[in-house]
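Each residue of the sequence shown is one higher than the one before, counting from 53 in our numbering. Below you'll find the structure, written out as structure tokens, and then a few comments.
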Amino acid sequence: MARSALLNVMVQAALKAGKSLSRDFGEVQNLQVSVKGPGDFVSQADFKAQKIIHDELLKARPTYGFLGEEAEEIKGTDGAHRWIVDPLDGTTNFLHGIPMFSVSIALERNSEIVAGVIFNPATDELYTAERGGGAFLNDRRLRVASRRVLSDCVIGCGVPHLGRGNHGKFLVELRHVMGEVAGIRRMGSAALDLAYVAAGRFDGFWETALSPWDMAAGILLVREAGGFVSDLDSGTDMLSTGSIICGNEHIHKALVEVVKRPVPTK
Ligand code: 2AM
Ligand code: CA
């Protein structure tokens, strides 16, 4: 598998940040038993990872813009390119010592995502994609699952929680989806959920109220693995609407229909 120079830069940044997160994750597991918990420590781990990624990417391409979860957006002098970065997706998992978190790095060119990397340091799984070049898990080429009926499918989702999202609306969506599928999973890292769809582990996924950095790299991974991705209105404004739904061609269509099914009247 030949990677472009740009993708290599992204991979190196993700691996380096992942190493830092891995070290800190070990400490977080120790801190679980302290009364104060690992909250501040995790914020520091997150900032540290973003700085590592920022420095690596900007060293290689100083003119590109940078949108990351942990700092104000930097507008680059090169108006065409922008990095979109989540240094730690799955923060709640990380905070609780659950090894399901990731680094997500995407490159946008003229508002189109052209490269994406998602790395789970706890499992050493590195997902990469370049537009037109396919999606990979480490060195293995990825393809979305080929199941055609929802009743065979495992579907990932995000669940709103205290202070976030529309709880009532989600419960209606869940009620409809749970009645049609073989299983529902909630992992807590949207970036990894999308990587799992690309890898054919999940047959589909939907979530709302996300930020661009949660999804940017994952969108390209799913597309390059042959999947369909849209927002919940079947447009392609995932990054601005914060909603996303995906799967193979058949499952995407079927899942949109079920998730959007109107609220029952009784
Ligand atoms: P995080 O772990 O970086 O916060 C879980 O449902 C997904 O939602 C994760 O990808 C998580 O990213 C994201 N998420 C959690 N809180 C969020 C918020 N306030 N806005 C946008 N995305 C959020
Ligand atoms: Ca995130």
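Glycine included, every Cβ here is placed at the ideal spot set by N, Cα and C.
Where do the ends of the beta strand (DSSP E) carrying residue i lie?
i, result
"Tyr179", "177-182"
"Phe133", "First, the amino acid is wrong: residue 133 is His here, not Phe. Counting along the chain, the beta strand (DSSP E) containing His133 begins and ends at 133-141."
"Arg237", "235-237"
Nearer than 8 angstroms: is that true of the beta carbon of residue i relative to any heavy atom of ligand 1?
i, result
"Gly168", "no"
"Val211", "yes"
"Ser241", "yes"
"Ala261", "yes"
"Phe153", "yes"
"Glu125", "no"
"Asp76", "no"
"Asp130", "no"
"Glu225", "no"
"Asp283", "no"
"Arg216", "yes"
"Gly294", "yes"
What does the Cβ neighbour count give for residue i, buried or exposed, with the cut at 16 atoms within 10 Å?
i, result
"Asp138", "buried"
"Ala247", "buried"
"Pro114", "exposed"
"Ser203", "exposed"
"Leu223", "exposed"
"Leu109", "buried"
Using only the heavy atoms of ligand 2, determine whether one of them is closer than 8 angstroms to the beta carbon of residue i.
i, result
"Trp135", "no"
"Gly142", "yes"
Where do the N-terminal and C-terminal ends of the alpha helix (DSSP H) with residue i fall, by residue?
i, result
"His302", "301-311"
"His228", "219-230"
"Arg161", "Looking at the DSSP string, Arg161 is not in any alpha helix (DSSP H); the run it does join, the beta strand (DSSP E), is 154-161."
Going straight from the alpha carbon of residue i to that of residue j, what length do you get?
i, j, result
"Asn162", "Met239", "32 angstroms"
"Glu164", "Lys88", "43 angstroms"
"Gly235", "Leu291", "27 angstroms"
"Glu124", "Trp265", "13 angstroms"
"His213", "Gly220", "11 angstroms"
"Ala35", "Ala187", "For the chain, the structure presents residues 53 to 318; residue 35 sits outside this window and is missing."
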